[in-house]
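Participant:
Protein chains in written order, with this note's numbering: chain A, 1 to 747; chain Z, 748 to 1163; chain P, 1164 to 1323.
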């Protein structure tokens, strides 16, 4: 198959290079070893042991071992706050070691807004248990009853003694280790006594970042390292690589110093100099054959409907069919959400040093353990022989190319016998990373004559949102495995049902999901911030609005009719108060393109059991498109560990979700993804910034739940509802572009 | 077929060409050239069928490209050999009728967005070679959208009237005693259909033959004056023209964007030297018509920068890293000699704003060029200010572009 | 390959390199100056922005051969933890980062702006950052931080 000049071929350098290696020992540059602030030691990784989580060094430094990692959201600071609070040590005396298969416990992946909610809870428990252990030990040493002791700033003190008898934590441990299990009985400190949790402690990583000293995975270098690039086939980003075969590999134009490496359909080049590797990737000419199974772009949503399996009923109560049949008004609507991409400004990067019987990989992965499983399978090594070290990358908003880049580096290193650094190009990342899946949502609502909602039927069609590395999928979860060994993408049904169910009290309700196997998803699907909650909430909350307007009831009042949860009502009431909501005028006149203002509201409880978020969007609509003037957010994520950190997350969610709602759509054709750079798949620009007004509702006595994603779910419908308020036009397909607006105006 | 040239002369010419034609697939109107799919591939490239029959994100030749005309939007058809949605079921004669007469198999008239006004000059065997090539391409099942024309233009019979005014069926006849020039004319007029973009149109949207190649608006872009006028290509050397046509740029002098970039990428870069020479010889022979955009020699660019530091910052950060000062930069397709570009000197600014909006993708014989489109990254106001800044500093004019100017271009005539 | 003299953060380097190599790879791989980041290689995102004679340029595209005798400044040359530049201090004070990958480019574009205009409006700040992209959505903090730094710099220079 030929495809003439295209953005794709230019950006990907589809024709790309090779030659013999020339290594002359010492490299010109001084090589930097990745930071390892604690000497490697045999340490416990058993999550039931305190030593898996905590160590206290002789100098008093408290080492926190976290399997959850800092992706740029501020959790390094927040987790340290939690431990410092619970263990009664100074915040400054803590240090966090994160994501290392030889040092940190397996806490799964850092995702789903679960680092504070789950990882933080685990650390809190470990720290409380450690404090208990220290109190016990202190009581024994001081010969006092435990009830007379307290802890403060790394010491166990005797409360009754004004002269301050105390013993340091460090003196209570041997070699810094607890050698004790995480206890079952311990007391968690009361939130009213908190000194560190609840404070906006400045983020510990920011200074290094603004002084240019922070080492991202992109900035690491290991001795003997060479630079690698991978040359990929057409059908960019497709799930299926059917019939893929290399017909011809022409390395005749490779620059000197570059070497070609390939296995199966995995083709790469390595070179001493990065620039040479890049030239090589462009100079190598590969002819591929393949069978495209991608739909024409216009057929995407039909394809989704067509390939889905039998629906899974997520929830059913009452009799939907009967009441829908009896309804005075039945309203139906279909909503569409496109494939979307990660906004990582730095394309993925990884370093691998693969030896005959062991391997070390530095990666910006969200899960060092799952990646280890995948890499071990790819390299055919024992899991224990593979050491994966997390190193922060550019922001990731889910499963981007980080894991794949690690696979690329590992395979190249295996074949060239040197440590290899693979830096993806912009087109690699835009094209080949897994995409947030496209989804189709269909809703039907029945109302009786007095405008009461008596039946609700939700269906969606969605690929799974999870094809991450895991032990079961092994190398199949990595592009390198798919290309080199012909494995196919796989994943359990997950994520597409998130927030498919609404938190309103409805009498007759059925919610069902038609799952699509990842291999049947046109583009390779996986986790993108919020997963299915974003599209599902866009549909649910738009539909609530449609129903409200149909019933001639103010959209806010309509929601409150069906919202029982007091915390939910509080966020909704708070946001409208903050935004000075006034009941919307029910009279509509035909919009003809003049500048029109509107506002919309939206509400969600994330995952139906976590953070409560309500959003009011104020928009201005004209023929130039939709402009967001202001987004007001009320947010309840339980106990707030770091208010400024939560605000930062909410602001980020608002801005990213605004871009997702107004601008972002992965474009593709039968030969794969065509939006391969920021011009074609843009982020929000500075001139498009809305004002953001946030009200945090702290619940010191409620558990902390995630704040990293919830707002993203609530923003899109608020915007669409505001567009309707302004123009009377109901835009049901994201992104809400100028073209879709004018199209809607003309029909 | 009434006006076909005397057969004997054509035969002589064919023989002559057989001697001259070094590359295998040079083109001439000889009736005697064998029908051959390989030759058809070359002709198809020269006719640039692919650009118009391959939509963004679509498969080659499957059609669906929108053409914005004053009468509404037309969509190119599927010309893959697919039986129901493509031209797989067409007979040779039906294809010839479409190419030569603008008539569809059902007898109705084709809209002249399809340039049968040019293709009518193609020899029968050349048309059939093109067909042979198209038949060798993969079939694609795809039905392009229906045309969206206003009444009465949605009535195909109206095309008949249009044809009476603007179409003369007939094969190519040499235009000059000079063999090379005639050959170039066949390439430019019959195959390349340069006039479809570069010749202005009459009130009835026919090509205004009195203004041949004098420049026109097309698909949201300005196609420049390519006559021998000093404001056209009068000042260009043959070498420069050749280099421009096959690379899509001439360092420090001209760059192709928009539809012309596509023509270079899909068509011109495949031309043989002989054919390119012939084309250049023909272009040189086209009578000069006065151009609208001042030539480089006519303008004096400002010695001092416009007093707009905000926009200068925008210019520096967005433009300069690639278009940095001449002699120092990336060179190749990314020069900084802005005053040399018609797009910059044109006070109308169509192409300047357009290129900022859409960017450029182009592949020439030597190199590729990529400029990001800033449609989604900049506001109308920012683009207007950039265009104004560039025009003032490098273009020798004082046009101030407004956000509304940009908004208009954003929504109108984006072509593909 | 040929010898080139580069002046980066007031240090002069002599390097043997293909003059067409973009500055970014020389800074990062040969000189160990890691603050300029690779983001797109297309001059689109601004993560690699450095100053060349005070002008913000995209190091991912500018060939090193074009920069002879120009003074290059990166974030490393702006300030240090001991002597932070007002911009750096302001970004810390405003907590203007999430992943932070875009921040070095933001800082350099901001520095170019403030050198030209010590009292920019918010609109002018946003304009100056039009070529810098942020994926995490820290835009609002970034604008605030630049305004804070502008204020500090004006005070330091005794201007209102």
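Glycine included, every Cβ here is placed at the ideal spot set by N, Cα and C.
#1: Can you give me the C-alpha to C-alpha distance between residue 910 of chain Z and residue 1039 of chain Z, rounded to a whole angstrom?
#2: Only counting the same chain, and skipping five residues up and downstream in sequence, which positions put a Cβ closer than 7 Å to that of residue 744 of chain A?
#3: Cβ of residue 823 of chain Z less than 8 Å from any chain A Cβ?
#4: Thinking just about the alpha-carbon of each residue, which of Z/1094, Z/1014, Z/943, Z/1135 is nearest to the one in residue 816 of chain Z?
#5: Please name the residue in Z/790, Z/827, Z/783 whose C-alpha comes closest to that of residue 801 of chain Z.
#6: Quick check on residue 214 of chain A: does DSSP put it in helix, strand or coil?
#7: How far does the beta strand (DSSP E) with residue 66 of chain A in it reach, from first residue to last?
#8: Would you list the residues sitting across from residue 499 of chain A in a DSSP beta bridge?
#9: Please confirm whether residue 1055 of chain Z has its beta-carbon closer than 8 Å to some beta-carbon of chain P.
#10: Could you spell out the range, first to last residue, of the alpha helix (DSSP H) harbouring residue 785 of chain Z?
#11: With a threshold of 8 Å between beta carbons, is residue 1114 of chain Z in contact with chain A?
#12: Consider the Cβ of residue 285 of chain A: report whether some Cβ of chain Z lies at a distance smaller than 8 Å.
#13: Show which residues of chain A have a CB atom less than 7 Å away from the CB atom of residue 1154 of chain Z.
#14: So with CB distances below 9 Å, who are the chain A contacts of residue 784 of chain Z?
#15: Figure out for me which residue from A/691, A/128, A/242 has the closest Cα to the Cα of residue 178 of chain A.
#16: Which residue wins for smallest C-alpha separation from residue 748 of chain A, given the options A/568, A/576, A/467?
#17: Are the beta-carbon atoms belonging to residue 1122 of chain Z and residue 1099 of chain Z less than 8 Å from one another?
#18: Would you decide whether residue 422 of chain A is buried or exposed? Buried here means 16 or more other CB atoms lie within 10 Å of its CB.
#19: With 16 other CB atoms within 10 Å as the buried threshold, where does residue 192 of chain A fall?
#20: Scan the segment 1164-1188 of chain P for residues whose Cβ lies nearer than 8 Å to a Cβ of chain A and list them as they occur along the chain.
#21: Does residue 1237 of chain P get closer than 8 Å to chain A when you measure Cβ to Cβ?
#22: Using the beta-carbon of each residue, which ones in chain Z are nearer than 9 Å to residue 669 of chain A?
#23: So the candidates are A/552, A/462, A/498; which of them puts its Cα closest to the Cα of residue 517 of chain A?
#24: Could you confirm whether any beta carbon from chain A is found closer than 8 Å to the beta carbon of residue 1311 of chain P?
#25: When the cut-off is 8 Å and only beta carbons count, does residue 743 of chain A lie next to chain Z?
#26: If we require 4 or more residues per run, which alpha helix (DSSP H) segments fall completely within the segment 819-891 of chain Z?
#27: Using a Cβ-Cβ distance cut-off of 8 Å, determine whether residue 682 of chain A contacts chain Z.
#28: Residues in the same chain with beta-carbon distance under 6 Å from residue 268 of chain A, minus the five sequence neighbours each way, listed in chain order, please.
#29: Assign residue 830 of chain Z to buried or exposed, taking buried as 16 or more other Cβ atoms, counted over all protein chains shown, within 10 Å of its Cβ.
#30: Does DSSP classify residue 245 of chain A as helix, strand or coil?
#31: When burial is assigned at 16 or more other CB atoms within 10 Å of the CB, is residue 541 of chain A buried or exposed?
#32: Please say whether residue 1274 of chain P and residue 1292 of chain P have beta carbons closer to each other than 8 Å?
#33: Go to residue 492 of chain A, then tell me how far its alpha helix (DSSP H) extends in each direction, as first and last residue.
#34: Taking a contact to mean a Cβ-Cβ separation below 8 Å, would you say residue 851 of chain Z touches residue 845 of chain Z in this structure?
#35: With DSSP collapsed to three states, give me the class of residue 618 of chain A.
#36: Name the residue from A/458, A/170, A/146 whose alpha carbon lies nearest to the alpha carbon of residue 153 of chain A.
Facilitator: According to the data block:
#1: Take the alpha-carbon of residue 910 of chain Z and the one of residue 1039 of chain Z: they are about 29 Å apart.
#2: Shown here for residue 744 of chain A: same chain residues with a beta carbon closer than 7 Å to its own, the five before and five after excluded, namely 729, 731 in chain order.
#3: It does not; no Cβ of chain A falls within 8 Å.
#4: Looking from the CA of residue 816 of chain Z, the closest CA among Z/1094, Z/1014, Z/943, Z/1135 belongs to Z/943.
#5: Minimum Cα distance to residue 801 of chain Z is reached at Z/827.
#6: In the structure shown, residue 214 of chain A sits in coil (DSSP, three-state: anything other than H, G, I, E or B).
#7: Start and end: 62-66.
#8: In DSSP, residue 499 of chain A forms no bridge with anything.
#9: Residue-level contact check: residue 1055 of chain Z does not touch chain P, since none of the beta carbons of chain P fall below 8 Å from its beta carbon.
#10: Residue 785 of chain Z -> alpha helix (DSSP H) spans 784-793.
#11: Chain A contact via Cβ: absent.
#12: So, not an interface residue.
#13: Neighbours of residue 1154 of chain Z on chain A, chain order: 624.
#14: Result: empty, since nearest Cβ-Cβ is about 15 Å, beyond 9 Å.
#15: For the residues A/691, A/128, A/242, the minimum Cα distance to residue 178 of chain A belongs to A/128.
#16: Here chain A has residues from 1 to 747 only, and residue 748 of chain A is not among them.
#17: No. Outside cutoff.
#18: Buried.
#19: With fewer than 16 other CB atoms across the displayed protein chains lying within 10 angstroms of its CB, residue 192 of chain A is exposed.
#20: Of all residues in the segment 1164-1188 of chain P, the ones placed with a Cβ closer than 8 Å to any Cβ belonging to chain A are 1181, 1184, 1185, 1188, in chain order.
#21: So, interface residue.
#22: By Cβ distance, chain Z contributes 802, 803, 804, 805, 806.
#23: Each of A/552, A/462, A/498 was checked against the Cα of residue 517 of chain A, and the nearest Cα belongs to A/462.
#24: At a cut-off of 8 Å between beta-carbon atoms, residue 1311 of chain P makes no contact with chain A.
#25: Output row for residue 743 of chain A: interface = no.
#26: If one requires a minimum length of 4 residues, the alpha helix (DSSP H) runs lying completely within the segment 819-891 of chain Z are 839-843, 863-866, 871-882, in chain order.
#27: At least one CB atom of chain Z sits nearer than 8 Å to the CB of residue 682 of chain A.
#28: Closer than 6 Å at Cβ, skipping near neighbours: 228, 230, 261, 412.
#29: Its Cβ having fewer than 16 others within 10 Å, residue 830 of chain Z is exposed.
#30: Residue 245 of chain A falls in the strand class under three-state DSSP.
#31: By the 10 Å Cβ count, residue 541 of chain A comes out buried.
#32: No, they are not a contact pair.
#33: For residue 492 of chain A, there is no enclosing alpha helix (DSSP H), since its DSSP letter is neither H nor E.
#34: Yes, the pair counts as a contact, with Cβ atoms nearer than the cut-off.
#35: DSSP places residue 618 of chain A in strand when its eight states are reduced to three.
#36: Of the listed residues, the one whose Cα sits closest to residue 153 of chain A is A/170.
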